[in-house]
Structure formats: structure tokens, C-alpha cells
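In what follows, a structure is listed as C-alpha cells, so that the remarks can point back to it.
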Amino acid sequence: MAAVERRIGDRAIDDYTQEAYSSWPMDATFIELPPFQRLREHYLSDDEYRALQQELLARPDAGYVIKGTGGLRKLRFSDKRRGKGKRGGLRVIDYHWDGGGQFWMFVVYDKGEADDLSSDERKVLARLLEQEVKARSER
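No gaps in the numbering here: position 35 of the sequence shown is 16 in my numbering, and each next residue is one more.
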């Protein structure tokens, strides 16, 4: 079966590729901030982390924007190690920076540990995001 090519702006899209379902570029850099880096091994195997990355690449706007954080998103992700689906599984806090084609991975945690972030936690994450945006925008 031959692929059908179409154009979105200046990009050629093959209708049999993952990009056919998304207008977002499929290449990105994943930057793990220290809290995420510390916790990732505890919650995600390498294969699970790759699956998370693929999900974010396919849908950079996955999850919902957390109020008062400047655009951080909270994504539900299944926790296969503990046999939990998305609803009872992991929570991933990330930010998609369009300016640099990057996903900044802030933190990952089990829903059983904390369902929602506290006001203080949201403020800390908002400050961290603000610092990251400023630092990367100056480069």
C-alpha cells in the first residue's frame, strides 16, 4: 500500500506516519529537572519512560494545565509496576517549550502519595518554570 502525501504549511506529511495525526514536530529533547531525575527510576522503567515520551510527542498538550503554574501540565500515566491504570497510577508534571522543541520533566509521583499539588508546591514549580524559561530564552 502506497503512502499518501499531503502538506500542512511547509511540511510534507505521510498519512501512514504518526505525524499524520498531529501538527506537532516529532523530534524533541526531554530535559529532566532534578526532582524528576531523582524519582524516575523509582516509578518508570526505561521502556515505560519511552512510552511516556512517545505519548507526549504525539500529544504535547496531553493532561491539563495546572492553575497558577505558568503553563505546567499534569498528565495521568499508567503504573504497570503496581498494576494501576491511568486513573490510579502516576502523575507527571511537565512543560512543553515550543521555543526550543523541548519537554521539561519536572516531577513524577504516584497518585496514592498525593492527588493534587498543594498551593506551596504549585508556587515552587511556577518559580522553577519561570527560571527555566528565562535561562533558556537568554541563550
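Beta carbons are placed, not taken as given, at the ideal position from N, Cα and C, and that holds for glycine. On a predicted model such as this, the values are computed, not experimentally measured, just so you know.
Leaving aside the five residues before and after residue i along the sequence, list all residues of the same chain whose C-beta is less than 8 angstroms from its C-beta, in chain order.
i	result
Leu14	Trp85, Met86, Phe87, Val88, Leu109 and Glu113
Pro16	Phe87 and Val88
Let's test the definition: count the other Cβ atoms within 10 Å of the Cβ of residue i and tell me whether it reaches 16, buried, or not, exposed.
i	result
Asp28	exposed
Gly93	exposed
Arg63	exposed
Asp96	exposed
Asp101	exposed
Pro6	Summary for Pro6: the model assigns pLDDT 48, below 50, so the residue's position carries little reliability, and this model does not support an answer.
What does the alpha-carbon distance come out to for the pair residue i and residue j?
i	j	result
Ser99	Arg31	29 angstroms
Glu36	Leu25	14 angstroms
Arg103	Glu111	12 angstroms
Thr50	Val105	9 angstroms
Ala(-7)	Gly80	Because Ala(-7) carries a pLDDT of 49, less than 50, the predicted location of this residue cannot be relied on, and the following value inherits that uncertainty. So the alpha carbons of these two residues sit roughly 21 angstroms apart.
Gly52	Asp42	10 angstroms
Lys115	Tyr76	14 angstroms
Gly70	Glu119	37 angstroms
Val46	Glu22	25 angstroms
Among residues of its own chain, excluding the 5 on either side of residue i, which ones have a beta-carbon nearer than 7 angstroms to its beta-carbon?
i	result
Gln83	Ala9, Thr10 and Ile12
Lys65	Ser59
Leu33	Leu25, Phe58 and Val73
Lys67	Arg57, Phe58 and Ser59
Gln18	none
Ala107	Gly49, Thr50 and Gly51
Ala61	Checking the sequence, you will find Lys at residue 61 rather than Ala. Around Lys61: Glu29.
Go through its chain and collect everything with a Cβ distance to residue i's Cβ below 6 angstroms, but skip five positions before and after it.
i	result
Tyr90	Arg72
Gly44	Arg54, Lys55 and Leu56
Leu20	Val89
Assuming residue i contacts residue j under a Cβ cut-off of 8 angstroms, what Cβ separation, rounded to an integer in Å, is found between them?
i	j	result
Arg117	Trp78	7 angstroms
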